[in-house]
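Residue numbers (my numbering): 402 to 566.
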């Protein structure tokens, strides 16, 4: 059985190789790869050069990694723009790419309304719709939506599900 690969912490080429081996066929952000290389003993200058090289060679794609985060947090897992931005930063997506991606996301009112529709797309009666009020509003607030937004989205949701009956 082969031992662990030994890398020269001063070599940009070794840092690139280490990064590529870590990425494999997956998607990774620049921030996550920088942390991984740091953990493997590479110095900051080497990490910066290696990440720039891997971005140039398209092994690292913050846009793709960020879109993956946003896609995962849609539907029943929808969150507010503020929470989504925090998730992008936590995923190691650069601030510029995170800002660009967030600028393309719908308004919080629409996001919250879509959350409600994903959780409860229809109701059997007016009473059932009214019974969902507290549940939906609490869910929205857990996902980072303000009380004003959750009330607005609830009213819009209520109108939609009652009209669809």
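All C-beta atoms in this analysis are idealised placements derived from N, C-alpha and C, irrespective of residue type, glycine included.
As the structure is a prediction and not an experimental result, all values here were calculated from the model.
Taking each of 523, 432, 408 and 507 in turn and checking the Cα distance to residue 466, the smallest one comes out for 432. Spatial neighbours of residue 565 in its own chain (CB-CB distance under 8 Å, excluding positions within 5 residues in sequence) are listed in chain order as 523.
Secondary structure note for residue 497: its alpha helix (DSSP H) is the uninterrupted segment 496-504.
Straight through space, the alpha carbons of residue 470 and residue 488 are spaced by roughly 7 Å. Judged by beta-carbon spacing, residue 485 lies beyond the 7 Å limit of residue 517, meaning their Cβ atoms are not closer than that value.
By the Cβ rule, the stretch 527-536 does not count as touching the stretch 498-505, because fewer than three pairs are nearer than 8 Å.
Bounds of the alpha helix (DSSP H) holding residue 467 are 463-473.
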